[in-house]
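Enquirer: Residue numbers (UniProt numbering): 1 to 276.
We put the CB at the ideal spot given by N, CA and C, even for glycine.
These numbers come from a predicted model, not from an experiment.
What follows is a structure written as structure tokens; I'll ask about it next.
This is how it looks when you write it as structure tokens:
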């Protein structure tokens, strides 16, 4: 199922200023997309992700329904952290002339970098080289530490799309990744959390202004989502709502002001953001 968090248009007012709304606001609703409309639910999404398969749970949760035109997408989760994988596609490693890693290479993006589907990516003044990176993202639905490979699925609530926006010139200058990855708006995610898909066999692509720049399949990942949950949770506690961005395929390149970036993952949908 495709779950999401959203605002109703009337709440945001004329300017639809979602950036001024707290991610913890009581005005954020949870729900799912049934293929035609958005169905709102009573419980917050982190609870829904752990209970939606129980008999009659969703039926008892339904509050209202809205057309897509009546809602503004919110980030589908409110993470305590975003853990990203630096090299996790065989085709990307080949493109860079690098050997396949023996273990995942991880770094962090701050929660303040998160924006939603259809929000704008802000081009920072201190950079002149902003890159896109299309990624499948894991949503953690149950807090855990030292999670085994076999138990990983119990902690994965579903999957969404993330664009790991990067100030590449700053990354080269700093020789580490924190500043380059951490600007506000540098982690667009959404639009939905998909709970029923095979994460290891989905087409993934990114286009800029409708021109395809990245095109691969998640079967080319070096480390599976279950591998990543096991590895990362051996280092740090994974909290409910945390995001694991699973790495990007080959074809990474620049975005410019005015560009429209569209990341599509077969079983989830398309994440769209404009660069301003």
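Counting pairs of Cβ atoms below 8 Å between the region 174–188 and the region 56–69, do you hit three or more?
Expert: No, the region 174–188 does not touch the region 56–69.
Enquirer: Since residue 140 and residue 160 are thought to touch, with beta carbons under 8 Å apart, how far apart are those beta carbons, to the nearest angstrom?
Expert: Rounded, the Cβ-Cβ distance is 12 Å, inconsistent with contact.
Enquirer: Got a sec? Which residues, its chain only, sit under 6 Å from residue 116 by beta carbon, not counting five neighbours each side?
Expert: Excluding residues within five positions, the ones whose Cβ falls inside 6 Å are 73, 74, 75, 190.
Enquirer: Could you work out which residue in 187, 59, 48 is closest to residue 193 when comparing CA atoms only?
Expert: Residue 193 has its Cα closest to that of 48, out of 187, 59, 48.
Enquirer: By Cβ distance, which residues of its chain are closer than 6 Å to residue 356, with the 5 residues on each side in sequence left out?
Expert: Lying before the first or after the last residue shown, residue 356 is absent from the chain, which here runs from 1 to 276.
Enquirer: Check whether the Cβ atoms of residue 28 and residue 247 sit closer than 8 Å, and answer yes or no.
Expert: No, the pair does not count as a contact, with Cβ atoms beyond the cut-off.
Enquirer: Return helix, strand or coil for residue 61, following the three-state DSSP convention.
Expert: Reduced to three states, the DSSP call for residue 61 is helix.
Enquirer: According to DSSP, is residue 22 part of a helix, a strand, or is it coil?
Expert: Residue placement at residue 22 is flagged as unreliable, the pLDDT there being 40, under the threshold of 50; the coordinate-derived value follows with that caveat. Here residue 22 sits in coil by DSSP.
Enquirer: Can you list the beta strand (DSSP E) stretches of 3 or more residues lying completely in the region 57–112, in chain order?
Expert: Complete beta strand (DSSP E) runs here, min 3: 62–66, 71–74, 82–85, 106–109.
Enquirer: Going along the chain, which unbroken runs of the alpha helix (DSSP H) with 4 or more residues stay wholly within the region 133–212?
Expert: Fully enclosed alpha helix (DSSP H) runs of 4 or longer: 168–174, 178–181.
Enquirer: How many angstroms separate the CA atom of residue 223 from the CA atom of residue 229?
Expert: Rounded to whole angstroms, residue 223 to residue 229 spans 10 Å at the Cα level.
Enquirer: Rounded to the nearest angstrom, how far is the Cβ of residue 250 from that of residue 92, given a contact under 8 Å?
Expert: At roughly 5 Å, the Cβ-Cβ gap stays under 8 Å, so residue 250 and residue 92 are in contact.
Enquirer: Closest to residue 279 by C-alpha separation, out of 54, 50, 60, would be which residue?
Expert: With the chain covering only 1 through 276, there is no way to say anything about residue 279.
Enquirer: Which one or two residues does DSSP pair with residue 274 in a beta bridge?
Expert: Beta-bridge pairing links residue 274 to 120, 260.
Enquirer: Can you tell me whether residue 149 is buried or exposed? The criterion is at least 16 other CB atoms within 10 Å of its CB, across all chains shown.
Expert: The residue in question, residue 149, is exposed, as its Cβ has fewer than 16 Cβ neighbours within 10 Å.
Enquirer: Let me know the secondary structure DSSP gives residue 232 once reduced to three states.
Expert: Correct three-state label for residue 232: helix.
Enquirer: Can residue 88 and residue 110 be called in contact, C-beta distance under 8 Å?
Expert: Taking 8 Å as the Cβ cut-off, residue 88 and residue 110 do not qualify as a contacting pair.
Enquirer: Around the Cβ of residue 71, are there at least 16 other Cβ atoms within 10 angstroms (buried) or fewer (exposed)?
Expert: Classification of residue 71: buried, given that the 10 Å Cβ count is 16 or more.
Enquirer: So what does DSSP say about residue 2, is it helix, strand or coil?
Expert: Residue 2 falls in the strand class under three-state DSSP.
Enquirer: Could you give the DSSP three-state label for residue 268: helix, strand or coil?
Expert: Correct three-state label for residue 268: coil.
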